[in-house]
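Presented below is the structure to which this report refers.
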Amino acid sequence: MKSIIVFAILAMISKTFVFAQGYEIKVKISNLPGQEIMLGHHWNDKLYPDDTIKLDKKGQGIFKGKTPLHGGMYFVFMPNKTYFDLMIGDNQTFSFETDTLDYGKNTKFKNSPENDAFYQYQNFIIERQKIGKELDAKRKEAKDDKEKTEINKKLDDLGKEVKDFAWKLIEENKGNIFGQFLKATQEVKIPDPPKDANGNITDSLFQYRFYRSHYFDNFDFTNPRLLYTPIYEEKIKTYIEKVIPQIPDTIIKECDKLIESTRKDKDLFKYMLLTLFNHYASSQIMGFDAIYIHLGEKYYISEATWSDTAFVNKLKDRIKKLKPLLLGKQAPNFKMLWVPKEHFIQAKTDTAAANNPHAGTFIDLYTSIKAKYTILCFWESDCGHCKKQIPQLHEVYKKLKPKGVEVMAVHMIGGIEGKKKWIKFINDHDLLDWINCWNPYEYKYKDLYDISSTPVIFVLDKDKKIIGKRLAPEQIEEFLEKLIERDRRLEKK
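Under our numbering, the letters of the sequence shown match residues 14 to 506, in that order.
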C-alpha cells in the first residue's frame, strides 16, 4: 500500500514538473464566442505567431503547450485584426479576461503580477497623455508669457511624475520581464557639464562622453528577453549609427564588444552578428566595407553555423576581392594602352585610325603617372550615368589639374565598335587633356577593381594608396579641395 502511495506522489510530482516546463494561459474574452484568437511574440519590429485557439461559446479558451515560451512581450491577435500586448516571463501559468471594447482598461489578470504592473503603467500613461494634450492646447492659446510659463511648469511636473512612476514600478518589478522592459525604455540621466567659477563650461564633450559610456546602463543588451520586444534593434542601431563616432576602426571595436558580450545566448549571438553583418554589408558609406569584411572574416565565416556552405564560400570570395580595395591599401597595379589626344582628333575623320585597336603606348598605374593625387575612373561611353558624370568629372579636373591632380580615365568597352563610341564621346565632349586609356586585349582589371557597373571612381594619393572611392564628381571636388588645403597648411609649418 505504501509503495502505491509513494508511486502516486511521485507521479503527481512528475506531472507537476512536466507541466511547469510548459505554459498554460487561460483566456476569457467577452463578446467573442466561438472565434479564433492567436498568441504571438514580438521580435523587434516584427510579429510572429506561437499558438492559436478557438474560444468556446462563453468566449473562453486555453493557450497551452509542453515547451515554455521564450520570455518577452507577447500579443493576442483578435479576429478584427487588432491586438493587445502582455508580458510572459518565468511564470507561464496565469489567466486573464477582457472584452473588445477597451483592452487597456478592461483587461484583468490573475496570478501574473508583471502583467498587472504592465497594464497599470499603460493606463497611467494614457491618462497622463490626455492631460499633456490638454495642457499643450492651452499653451497654444495662452494670452501672455506668464500663462505660458505656468503651463510649461505643469508640463515639466507631468513629465517628472511619469518618470518617477516608471522608476517606482521598475523597483517593484526587479527581476521580472516587465521591470526589465520598462527599465530598458528609460534614457540615462545626463549630469550637467563641469563649469568654472564664472559659470563657463570647462569640458564641452563631458555630456557626450557620459552618454556614450552610460548608454547601456538601463538597457541590458545581453538579456535575451529584450530581443522579444519591439525596442531591441532600434536601441542597438541608434548606438552604432548615432552615438559612437562614425569611424570604421571605432565601429569595429564597438561591434566586437557587442558580439562578444552576447556569446552566452546562441539566439542573441546569432541576432547580433546577423544584424551588424547585414547592416554593414549594405552600407553605402565610404570606408564602411572594412567593417563588413572584419565581421565576415572574424565571425561569420567560422561561426555562422546556421548559414549554408554556398553562401560562406561566396563570402570568402567576396572578401578576397574587396580587401585589396580598402581605404589605405595601395591600389592594384595594371597596364593600359594610353591613347594620346592626337589620335582621337585624327580618328574623328580617319577611318583607318579609328579601326586601329593597337594605337597608343602601354602605361602602368604606378610608374607612368606622377601626380599628387590621381583620380582613377572606369567608365563606358554608352552608360547612362557615365554620359552625365564623365563631363562633370572633366569640369572638376580642369579646376584641380593646376593643383596637382591627374585623371586616368579607363574606357571599358572593347572591340572596334567600342573604340568608335569612345572616339566620338571624347571628341564630342572635348575630353582630350586627361589620360584616356583602355585595354582591348584583356579585362582582368574589372575583377581587380570589383567593377560590376559604371562609372566607378577611386581617388589615390601620390603613393597610389586608395584614399577615396565610389564618389560622385561633386563629392570628389570637395573631397580633394579639403586635402589640398590640408597639404597647403602643413607645408607652411
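Beta carbons are placed, not taken as given, at the ideal position from N, Cα and C, and that holds for glycine. Quantities reported herein were computed from a predicted structural model and do not represent experimental measurements.
Out of curiosity, what's the CA-to-CA distance linking residue i and residue j?
i, j, result
"I497", "K416", "8 angstroms"
"N449", "L350", "9 angstroms"
"I164", "K151", "8 angstroms"
"K156", "S226", "44 angstroms"
"F32", "L308", "In this prediction, F32 scores a pLDDT of 41, lower than 50, which makes its location untrustworthy; the coordinate-derived value is nonetheless stated afterwards. Roughly 42 angstroms separates the two Cα atoms."
"T288", "T322", "20 angstroms"
"I22", "R276", "Summary for I22: the model assigns pLDDT 35, below 50, so the residue's position carries little reliability; its value from the coordinates is reported in the next sentence. Rounded to whole angstroms, I22 to R276 spans 41 angstroms at the Cα level."
"N369", "D363", "10 angstroms"
"D158", "V256", "36 angstroms"
"A179", "K41", "29 angstroms"
"F76", "I38", "5 angstroms"
"A360", "F438", "12 angstroms"
"E140", "Q133", "11 angstroms"
"N504", "E494", "According to the sequence shown, residue 504 is Glu rather than Asn. Near 15 angstroms, if we compare the C-alpha coordinates of E494 and E504."
"N189", "H398", "57 angstroms"
"I26", "N124", "Since pLDDT at I26 reaches only 35, below the 50 mark, its modelled position is unreliable, and no value is offered."
"T374", "W447", "15 angstroms"
"K506", "F324", "52 angstroms"
"A210", "L218", "19 angstroms"
"K482", "F282", "32 angstroms"
Could you check whether residue j and residue i sit closer than 8 angstroms to each other, using their CB atoms as the reference points?
i, j, result
"Q199", "N236", "no"
"M91", "T113", "yes"
"V352", "A365", "no"
"L148", "K118", "no"
"G78", "G35", "yes"
"W451", "H407", "no"
"E267", "I253", "yes"
"V472", "Y410", "no"
"D421", "I382", "In the sequence on display, residue 421 carries Met and not Asp. A contact, by the Cβ cut-off of 8 angstroms."
"H55", "P243", "yes"
"I304", "I272", "no"
"L182", "G145", "no"
"Q297", "R238", "no"
"V175", "I138", "yes"
"E490", "K412", "yes"
"I214", "P204", "no"
"I314", "K329", "yes"
What is the residue span of the beta strand (DSSP E) that residue i lies within?
i, result
"K67", "K59 to K67"
"N449", "I448 to W451"
"S108", "T106 to T111"
"C390", "Y386 to W392"
"H83", "Unbroken run through H83: none, as it is neither H nor E."
Which whole-angstrom value describes the C-beta separation of residue i and residue j, a residue pair presumed to lie in contact below a C-beta threshold of 8 angstroms?
i, j, result
"F301", "P261", "6 angstroms"
"F109", "K121", "6 angstroms"
"F191", "M100", "5 angstroms"
"E240", "Y284", "Note that residue 240 corresponds to Leu in the displayed sequence, not to Glu. 6 angstroms between Cβ atoms; contact."
"Y228", "V201", "7 angstroms"
"I378", "K477", "Note that residue 378 corresponds to Leu in the displayed sequence, not to Ile. Sure, about 6 angstroms apart at Cβ, within 8 angstroms."
"A130", "E185", "7 angstroms"
"V418", "I388", "7 angstroms"
Following the continuous alpha helix (DSSP H) through residue i, name the residue where it begins and the one where it ends.
i, result
"E273", "P261 to S274"
"F471", "Not the alpha helix (DSSP H): F471 falls in the beta strand (DSSP E), residues V469 to L473."
"F357", "K354 to A360"
"Y313", "Where Y313 is concerned, there is no enclosing alpha helix (DSSP H), given that its DSSP letter is neither H nor E."
"A294", "K279 to A294"
Can you find a C-beta in chain D that's less than 8 angstroms from the C-beta of residue i?
i, result
"G74", "No chain D is present in this structure, which holds just one protein chain."
Is the segment 56–74 touching the segment 206–222 in the sense that three or more CB pairs, one from each, lie closer than 8 angstroms? With a cut-off of 8 angstroms, the segment 56–74 and the segment 206–222 do not count as touching, because too few Cβ pairs lie within range.
Pair every Cβ in the segment 330–349 with every Cβ in the segment 429–442, then say whether three or more of these pairs are closer than 8 angstroms. A contact between stretches requires three or more CB pairs, one per stretch, nearer than 8 angstroms, and the segment 330–349 fails this requirement with the segment 429–442.
Any 3 or more C-beta pairs closer than 8 angstroms across the segment 320–340 and the segment 355–369: Touching, no, given that fewer than three Cβ pairs across the two stretches are closer than 8 angstroms.
For the 8 angstroms Cβ check, are there 3 or more pairs between the segment 379–394 and the segment 454–469? Counting C-beta pairs with one atom in each stretch, the segment 379–394 and the segment 454–469 have three or more that are closer than 8 angstroms, which means they touch.
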